[in-house]
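Numbering-wise, this note's numbering puts 30 at position 20 of the sequence shown, and it's gapless, one number per residue. Cβ coordinates follow ideal geometry from the N, Cα and C atoms, glycine included. Okay, structure first, notes after.
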Amino acid sequence: MAYIITTGSPLSVSGYLPQSFRYFATGSIFGIPVLFIIFIIISAIAFIFLKYSKACRNIYYVGSNENAARLSGINVDRVKIGVYVTIALISTLAGILSLARFNVATPELSKGAETTAISAAVIGGTSMTGGSGGVLGTVMGIFLLKIVNSALVMMNISVYWQEFVQGAILVLAVTIDYLSHRKSGKASFIMKFFGLDKLTAKSQAKSSK
């Protein structure tokens with residue numbers, strides 16, 4: 011929809027945004043960027059809710075075993091809708107802050123950000139099969155990626171190689187996740203994606219007969 015409205019062209023909003031709006035992305039408090047403060051606040055709220063809220067704990071149950079969660083009385087559909095709505099709200103906030111920061115609106119402004127988000131989550135301990143992970147680990151994953159990216163920039167490495175390194179880190183993290191679940195006997199994300207978990211279950215059932 012954004013591509014249709016903008017025809018893929020960036021729209022400059024310079025001169026249309028009040029300075030108070032841009033302050034959220036460019037200002038600072040006691041030398042600390044407001045963007046970083048907002049990030050810390052959102053992370054803290056997410057950490058508290060995931061750790062102490064029963065509704066948020068249901069997210070782990072659904073992610074770990076959807077059928078078992080449904081049988082235990084958890085409204086799986088409500089949990090999923092709640093997660094999607096929360097993600098949509100946070101993504102909207104990120105888009106607004108990006109507009110305030112760059113002073114331009116374009117559908118390709120955060121292109122590739124999803125790879126960074128997934129990489130940070132997986133590096134921080136979030137399982138691709140669901141059921142495990144946390145805010146603190148994801149935050150540490152973000153810092154690790156930024157440290158690597160800053161090091162590559164300081165070394166004058168091409169931006170294309172930076173994307174390659176980030177992709178390689180994601181592949182490595184997913185591979186480690188796959189191997190860990192293979193060792194524990196739990197179906198990994200890769201097996202679920204290609205339906206190999208069902209084939210494995212069928213073969214095990216046949217062999218047990």
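Taking the beta carbon of serine 129 as the centre, do at least 16 other beta carbons fall within 10 Å, making it buried, or is it exposed?
buried
Leucine 21 in three-state terms, based on DSSP
strand
Assuming valine 23 contacts asparagine 113 (C-beta within less than 8 Å), just tell me the rounded distance between them.
6 Å
Between the C-alpha atoms of glutamate 118 and serine 82, what's the straight-line distance to the nearest angstrom?
42 Å
For serine 160, the three-state DSSP class (helix, strand or coil):
helix
Applying the 10 Å Cβ sphere with the 16-neighbour rule, what's the burial state of isoleucine 15?
exposed
If contacts are defined as beta-carbon pairs under 8 Å, then serine 53 and valine 145 qualify, I think. What distance do you get, rounded to the angstrom?
6 Å
When you compare the CB positions of valine 72 and valine 86, do they come within less than 8 Å of one another, or not?
yes
If you reduce the DSSP assignment to three classes, tell me which class serine 38 lands in.
strand
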